[in-house]
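Numbering (the numbering used here), first residue to last: 36 to 297.
Below is one structure, written out as structure tokens, with a few remarks after it.
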Amino acid sequence: MQPQQPSSSSTTASIHSVLGDLVAHYPHSAPIILNEENIDYCCGGQRQLLEAVGNDSEHAQRVIERILKKEQSAIENKQNETINFLSMSAQDLVDHIIEHHHKYLRENIPKLSELLLKIYTVHTGKLLQQHEKVSEETRRSIELLENMYRLFMKLSTELLIHLVKEEKEIFPTLIRYLEEEKDQTHHTESSRRLVKDFIESLLKDHNEAGDAIKELASMRKTLPNYCKTVELTKKLLLEMEENLYIHVHLENNILFKRVQNM
Numbered sequence: 036m037q038p039q040q041p042s043s044s045s046t047t048a049s050i051h052s053v054l055g056d057l058v059a060h061y062p063h064s065a066p067i068i069l070n071e072e073n074i075d076y077c078c079g080g081q082r083q084l085l086e087a088v089g090n091d092s093e094h095a096q097r098v099i100e101r102i103l104k105k106e107q108s109a110i111e112n113k114q115n116e117t118i119n120f121l122s123m124s125a126q127d128l129v130d131h132i133i134e135h136h137h138k139y140l141r142e143n144i145p146k147l148s149e150l151l152l153k154i155y156t157v158h159t160g161k162l163l164q165q166h167e168k169v170s171e172e173t174r175r176s177i178e179l180l181e182n183m184y185r186l187f188m189k190l191s192t193e194l195l196i197h198l199v200k201e202e203k204e205i206f207p208t209l210i211r212y213l214e215e216e217k218d219q220t221h222h223t224e225s226s227r228r229l230v231k232d233f234i235e236s237l238l239k240d241h242n243e244a245g246d247a248i249k250e251l252a253s254m255r256k257t258l259p260n261y262c263k264t265v266e267l268t269k270k271l272l273l274e275m276e277e278n279l280y281i282h283v284h285l286e287n288n289i290l291f292k293r294v295q296n297m
């Protein structure tokens, strides 16, 4: 029997559904299932599911069935007491993003940078001590540790600058723009252009961050579990990846879309 769709949803899930819409309407299941399928729903959130799985309709249908089944299970187990981001005001949505995603990054970036530097320092030394002559395999292991640290530091620096830009300038401008529209205030051409430029700038930043996160995820999966510190680091990196996916989804597919659809 086909699982019943959540009554709160205003969309019918299908293989042609846009990824961002699936995550918005099925928040308990779509992010989990799409992550398991390695489908990018944040920066790639404007694609249809069918396109995201290489136009394999059977695969896409299986994904939809998994999403609906998991969502229905969450509802039956009364786990559906979640925030409805689609109905939130722009101010509340921005407040949520800052509290649950910006704050998360500011708290966890220092922890991860310290851990990555530690495992690079310790395990580079151990790898070199274990071999009188540095083998190609050892060299690759050292390069992996070094590249992970370099990439993370570059990404984290860009993210922290990005957060300030959003909080101090862009979010207030978008909220003001939406409030003016609600009050039927006429927007000037310059204000429309400013908002358009802001969104394009953020989308570019998000795409670049998304590429870096995918590269970092690939390195994380390749990195051997040398010790408990490495295992903890990999766990925290995965947690940060998942938090960033939701973070970018809320901005690209809900906040920015709301402005663009006006």
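We put the CB at the ideal spot given by N, CA and C, even for glycine.
All figures in this text were calculated on a predicted structure; none of them were measured in a lab.
Counting only unbroken stretches of 4 or more residues, no alpha helix (DSSP H) element lies wholly within the region 170–197. If you look at lysine 263, you'll find it in the alpha helix (DSSP H) that goes 263–284. Residue pairing for glutamine 83: DSSP places it in a beta bridge opposite Val53. A check of alpha carbon separations from leucine 237 across Pro207, Asn287 and Cys262 identifies Asn287 as the nearest. The beta carbons of glutamate 276 and alanine 252 sit closer together than 8 Å. Less than 8 Å divides the Cβ of histidine 137 from the Cβ of leucine 198. For valine 88, the three-state secondary structure derived from DSSP is coil. Judged by pairs of C-beta atoms under 8 Å, the region 129–147 does not touch the region 251–267, as fewer than three such pairs exist.
The region 124–135 makes no contact with the region 151–161: fewer than 3 CB pairs, one atom from each, lie closer than 8 Å. Assigned with DSSP and collapsed to three states, methionine 254 falls in helix. A Cβ-Cβ separation of about 5 Å places leucine 84 in contact with alanine 95 under the 8 Å criterion. Sequence-distant Cβ neighbours of alanine 59 in its own chain, meaning closer than 7 Å and more than five residues away, are Phe120, Leu121, Asn288 and Ile289. Counting only unbroken stretches of 4 or more residues, the alpha helix (DSSP H) elements lying wholly within the region 98–154 are 125–132, in sequence order. Shown here for tyrosine 261: same chain residues with a beta carbon closer than 6 Å to its own, the five before and five after excluded, namely His158 in chain order. Taking C-alpha positions only, leucine 272 is separated from isoleucine 248 by approximately 9 Å.
A distance of 8 Å or more separates the beta carbons of leucine 57 and leucine 285. With contacts defined by Cβ atoms closer than 8 Å, isoleucine 210 and glutamine 126 form a contacting pair. For glutamate 106, the closest C-alpha among the options Tyr76, Leu69, Asn90 and Leu140 is that of Leu69.
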